[in-house]
Every structure is written in C-alpha cells, then in structure tokens.
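The opening position of the sequence shown corresponds to residue 96 in the numbering used here, with each subsequent residue numbered one higher. Contents: one structure, followed by commentary.
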Amino acid sequence: MKLLLDGQLIDSREAVISVYDHGFLYGMGLFETLRTYDGRPWLLREHAERLAEGCAALGIAYRPDPEAMAVGIARLLAANGLADAYVRWSVSAGDGEVGLPAGAYERPREIVYVKSLATDDPAARPGKTLRLLRLRRTRPELGELRLKSFHYMNNIAAKRELQAGGAAAGTEGLFLNERDEIVEGLVSNVFWVRDGELHTPSPGTGPLAGVTRGCVLELARRLGIVCHEGRYRWNDLTQADEAFVTNSIQELVPIDRLEAPDGTLARFAAASFSDRSTTGGDASPASTAGPLTRRLMEAYRAAAEKGDEA
C-alpha cells in the first residue's frame, strides 16, 4: 500500500519516522479520518479547520490547505488503485530532544494513509449495540477543547473493557464523564430521538466536536427537526424512541440495543425501540432504524454523494 509522507508517495513498508519524533515520544500529533464519495473527499474543509485548530493549540506549525489535501488524496487513490477510500490524514510534531519542549514545533511531519471501503447501502445498514462503559471519559486535553490526537489510551482501555465483558463484535461503548453525564461513544458521537425531537450531549460535557455530528445537526435543522444539545444521564437515553451514533467513516448507524456494563439489556420506555432488535422473519434489513433516524441517514448519504456540504 502506498502512503504520502511529507507529500511524497512511498511504499508503506519503506516509510520511516524518527524515534525522536514527539508524536512517538509524547503523543504530540493529530489526525483526521474521512472518506471519499466518487473520489471526492467529503467535508474536507471542516476536517481541515479542526486540524488547524488543534495544531494551533499544540504549537505545531502546520496549516492544512483543503485544496492541496484534495490533490494529495486523489494522488493516493490513484496510486493504490482505489475509487474510494477511508483516509487518515496525520500530522506529527516532528523531531525534538528527549524532554518536554517550551517552544513551538517548527518541522512537523505529514503522513496520509488510505484503505479500501466496503460497499455500504444505508437502507440495509445493520444496527449496533451500545453498551455503557464503566471506564469514564478523560477530561479534554486543553480545557474545553478535545483534540483528535495520537493519544488514544482511554479509547483502547474502553475497547478492552468491552472485550473482557463479553460484548458482541461491533458493540460500541458509551462514555460518561465524572459527573455521570453522557459524553460520546468509543469512536462516535451519540444521538437519540424522544417525542420527535433530536438530542445529543453538549460540547460542555467533553466530546470531540465531530465533523459528522455537526453535519447531522445542520441537516436536521434543514429538515425542520428540533435539536437539543444538553447535559444528559444514562436514564435519558433509556427513555429514547430511537438512537444512533455517527462518525465520518460509518456515517449514521442505528442503535438497536442498549446494554448496561454487565451486558444486560437496559430498560426502554418505548417498547418499539427494543422490539426492533429482535424483529425476525421477513423484516427488512433497515428495520432497526426508526423513522427519523432513517430520514437522517438518507439525507446524509444524499448530501455526501452530491457533495452538498451542510
């Protein structure tokens, strides 16, 4: 597989980063994940803006250029024979001395990876189980700003908690913060529907400001759906009529089962929500998605395929 290292195409087996790179030594690096549709990177400008904000916060002298990024992604797709791909655009702080620096990082490294994407039809997308984690979400790295950084220890520990607890393959973990407020999923932002209105945790609870999250909120408002960003508890989610999670690769994924940390089924106020996880027979593949979730799934894919950024 080919990747881009500081703008140069190179075989991944030959790519080298210094052992003195502060991305390796201290986790001082950031990345964005996105996908392409018909070769076009989706929401690239929003990803570039978030990357720029993070680099500025960490003192990394790197300013992403969306137009140059699009050219680089096209080169990488062509070099790997891919029509569409999962893209990871990474920026590492670059070489430094062993020890904590006082100044800015003036020579960052840029590494861009791609991998193939499986064909996916939103109408046939299966639902996920969402399990409440015992492990709490760490506070954002810089006050209220959570970075999409190389430091993923909290997420990896949560993934291991799911595996140790016997969670089914594909189960998403749900983080609470130290105040017992819902924050986000293991690799996603979380939404739910109650009485026809959309709810999601507010930025003040500590989630990553997901690019897909922002797009979904804008699409919902365009569709006339009332949206609430607030401070919610686990019990608020168990009262939902519908729920789904979002990220840039999987788009919107319906939740068809909520689990407590021990794996037991959580109580639902809306019987139809839990019933959708056990529907059998000739039910359609999309039966796990509620009507508002399905509407947003379709709107998101249509916007992505047209390149109509929200």
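C-beta: ideal position from N, C-alpha, C; glycine also.
Closest residue to residue i among the options (Cα-Cα distance)
{"i": "Glu141", "options": "Thr214, Arg308 and Arg274", "result": "Arg308"}
{"i": "Leu332", "options": "Cys322, Val311 and Trp287", "result": "Trp287"}
{"i": "Arg289", "options": "Ala304, Val111, Glu279 and Cys322", "result": "Cys322"}
{"i": "Pro349", "options": "Arg158, Arg183, Asn175 and Ala219", "result": "Ala219"}
{"i": "Gly268", "options": "Leu153, Ala213 and Val282", "result": "Val282"}
{"i": "Gly305", "options": "Gly222, Lys243, Leu227 and Ala178", "result": "Lys243"}
Pair within 8 angstroms by beta-carbon distance, residue i and residue j
{"i": "Val186", "j": "Leu125", "result": "yes"}
{"i": "Leu138", "j": "Met164", "result": "no"}
{"i": "Gly301", "j": "Arg234", "result": "yes"}
{"i": "Arg130", "j": "Ala199", "result": "no"}
{"i": "Glu127", "j": "Leu146", "result": "yes"}
C-alpha distance - residue i paired with residue j, whole-angstrom precision
{"i": "Arg108", "j": "Ala197", "result": "34 angstroms"}
{"i": "Ile168", "j": "Leu237", "result": "30 angstroms"}
{"i": "Glu393", "j": "Tyr115", "result": "46 angstroms"}
{"i": "Gly358", "j": "Ala264", "result": "13 angstroms"}
{"i": "Arg352", "j": "Ala252", "result": "22 angstroms"}
{"i": "Ala398", "j": "Tyr327", "result": "29 angstroms"}
{"i": "Asn272", "j": "Arg232", "result": "5 angstroms"}
{"i": "Phe339", "j": "Gly280", "result": "10 angstroms"}
{"i": "Asp377", "j": "Ala384", "result": "Its pLDDT being 35, under 50, Asp377 is placed unreliably by the model, and the measurement read from it follows with that caveat. Cα-Cα distance, rounded: 16 angstroms."}
{"i": "Val311", "j": "Glu192", "result": "43 angstroms"}
{"i": "Ser174", "j": "Pro356", "result": "Sequence check: residue 174 is Ala here, not Ser. So the alpha carbons of these two residues sit roughly 44 angstroms apart."}
Terminal residues of the alpha helix (DSSP H) in which residue i lies
{"i": "His117", "result": "His117 to Tyr121"}
{"i": "His142", "result": "Leu139 to Leu153"}
{"i": "Lys223", "result": "Element bounds for Lys223: not the alpha helix (DSSP H) but the beta strand (DSSP E), Lys223 to Leu227."}
{"i": "Tyr395", "result": "Pro386 to Lys401"}
Identity of the residues DSSP links to residue i by a beta bridge
{"i": "Gln103", "result": "Leu100"}
{"i": "Pro136", "result": "Thr131"}
{"i": "Cys322", "result": "Leu293"}
Where the beta strand (DSSP E) through residue i begins and ends
{"i": "Pro296", "result": "Glu292 to Pro296"}
{"i": "Gly280", "result": "Ile277 to Gly280"}
{"i": "Gly124", "result": "Gly124 to Tyr132"}
is_contact[residue i, chain C] using C-beta, thresh 8 angstroms
{"i": "Leu237", "result": "The structure shown has no chain C; it contains just one protein chain."}
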